[in-house]
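Accompanying notes for the structure given below.
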Ligand code: CA
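Numbering (this note's numbering), first residue to last: 1 to 402.
So this is what it looks like as structure tokens:
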């Protein structure tokens, strides 16, 4: 299939992707804009362009400033939009109707794609969990006894989930022995996020097989983490202020429908799971390769295909007690790490808790982030016919503590 739109060679935003996001036509710094131009609307990325869906379809659901109302319509509406978009972009007869609603992607401002409902963060990479276990519980089994029986997670702070580009201000907080000050161990966590479209009823668990009925798509997440605040506060109730100061997400949500060629079997499980977590026939391993860059330099390439628990199992676990889903709920995989050093998705692993500083190309070293550092996470996955599906990026610059 080809399009009448000029698609740059190797674009990760071809006809097989069609991710949704929320944009406004003005660029930061543009001085003169009328109010209509400032309006946030739903866009589809195609090549180097964005399609203004509100303008093209006339459907006001795409002019609400978030994807929530459209995502709530469910899988049939998602599939119908995808079918129509493909038709418009492939058949030259539609060119004259579509072209007025195209804008260059580098001339728009991207916003948070969804009004985030609840936010849950998991801990589903065995390599990440084992690395942290070895660092913090030396001499004991690297995994806690529950780890292979359930996807461990916690409820995070949805109000501080922000779009890529939002600066991260170094947090202040209480640290070991009640010391107080700016975090000196500011870190990243490279993760994959899942966006819920269709809500569920209180008291009714969502089975593994219900995953694609509820979840619309996938984005990238950077779970900024202050390790010194986290280490002091986390016993016995888990992450709190060491995480809640900011969580960054990529602006484009890639539909599950774009990831059929990326679906793979998760790694072999050597421990039987309870029936509600069984995923035979519903395997949602996703062959995403993430890339983590610090000031433009590639630090690592974490493989999300190696995650032990899939997002479908995470969703089933998250609702097995009857907790309901809302449109806009976001849940994240947990730090993605692979077996190799250059596959680790956090600085605490890359620098082995600071003991092995990371050497950068400019001769400097890092254990944790310094003010002014820019961290960018990108990812891609296989699509049809050798095409790559891009997830865009989630980026942020570290600002000094106030
Ligand atoms: Ca995390």
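Where is the CB? At the ideal position from N, CA and C, for every residue including glycine.
Whole-number beta carbon distance between residue 104 and residue 254, since they are thought to touch under 8 angstroms: No, residue 254 and residue 104 are not in contact; Cβ-Cβ is about 21 angstroms, not under 8 angstroms.
CB of residue 130 within 7 angstroms of CB of residue 346, strictly: With respect to residue 346, residue 130 sits apart: the two C-beta atoms are not nearer than 7 angstroms.
Residue 349 CB to nearest heavy atom of ligand 1 below 6 angstroms: The answer is no for residue 349.
Cβ-Cβ distance between residue 194 and residue 331 below 7 angstroms: yes
Backbone CA spacing between residue 122 and residue 25 [nearest angstrom]: Taking the straight line joining both Cα atoms gives about 35 angstroms.
Cutoff 7 angstroms: residue 209 Cβ touching any chain C Cβ: The question asks about chain C, but that chain is absent: this structure has only one protein chain.
Residue 111: first and last residue of the uninterrupted beta strand (DSSP E) it sits in: 109-111
Under the three-state DSSP convention, the category residue 119 falls into: strand
Contiguous alpha helix (DSSP H) assignments of at least 4 residues, all confined to the segment 97-179: 126-136
Residue 260 versus residue 232 - alpha carbon distance: Each residue's Cα considered, the two are about 43 angstroms apart.
Any heavy atom of ligand 1 nearer than 6 angstroms to the CB - residues listed: 121, 189, 191, 223, 334, 335
Alpha-carbon to alpha-carbon, residue 378 and residue 95: For the pair residue 95 and residue 378, the Cα-to-Cα distance works out to about 31 angstroms.
Reduced DSSP category for residue 222 - H, G, I as helix; E, B as strand; rest coil: strand
Bounding residues of the alpha helix (DSSP H) (the contiguous stretch that carries residue 81): Unbroken alpha helix (DSSP H) run through residue 81: 75-90.
Cβ pair count under 8 angstroms reaching 3, the segment 99-113 against the segment 128-142: At 8 angstroms Cβ cutoff, the stretches do not touch.
Backbone CA spacing between residue 237 and residue 45 [nearest angstrom]: 41 angstroms
Residue 273 in three-state terms, based on DSSP: coil
Three-state secondary structure assigned by DSSP to residue 208: DSSP, reduced to helix, strand and coil, places residue 208 within a helical segment of the structure shown.
Sequence-distant residues of its chain with Cβ nearer than 6 angstroms to residue 4 (five each side left out): In chain order, 92, 95 place their CB closer than 6 angstroms to the CB of residue 4, counting only its own chain and leaving out the 5 sequence neighbours on each side.
Between the CA atoms of residue 97 and residue 171 - distance to the nearest angstrom: 49 angstroms
Three-way DSSP call (helix, strand, coil) for residue 461 in this model: The structure shown does not extend to residue 461, since the chain is modelled only from 1 to 402, so the question has no answer here.
At least three beta-carbon pairs within less than 8 angstroms, the segment 292-300 to the segment 358-367: Contact holds: three or more Cβ-Cβ distances are below 8 angstroms.
Residue 264 versus 320, 184, 381, residue with shortest Cα-Cα distance: Closest in alpha carbon position to residue 264, among 320, 184, 381, is 381.
Given residue 307 as reference, the closest of 316, 289, 321, 295 once Cα atoms are compared: 289
Bounding residues of the alpha helix (DSSP H) (the contiguous stretch that carries residue 348): 347-350
Proximity of residue 8 and residue 47 at Cβ, strictly below 7 angstroms: For the pair residue 8 and residue 47, the CB atoms are nearer than the 7 angstroms cut-off.
Residues of its chain near residue 374, where Cβ-Cβ distance is below 6 angstroms and the 5 sequence neighbours each way are ignored: 295, 397
Span separating the alpha-carbon of residue 146 from that of residue 55: 51 angstroms
Contact between the segment 191-210 and the segment 316-333 (3+ Cβ pairs under 8 angstroms): yes
Spatial neighbours of residue 37 in its chain, beta-carbon cut-off 8 angstroms, leaving aside the 5 residues before and after: Note that residue 37 scores 45 on pLDDT, short of 50, meaning its location in the model is unreliable and no value can be drawn from it.
Bridge partners - residue 376, DSSP secondary structure assignment: 293, 395
Segments assigned alpha helix (DSSP H), at least 4 residues, entirely inside the segment 314-363: 347-350
Boundaries (first-last residue) of the alpha helix (DSSP H) holding residue 57: 53-57
Assigned secondary structure, residue 387 (DSSP; H/G/I helix, E/B strand, else coil): coil
Residues near residue 338 by beta carbon distance below 7 angstroms, same chain, minus five either side: Within the same chain, residue 338 has close Cβ partners 127, 302, 303, 306.
Residue 178 versus residue 291: straight-line alpha-carbon distance, rounded: 36 angstroms
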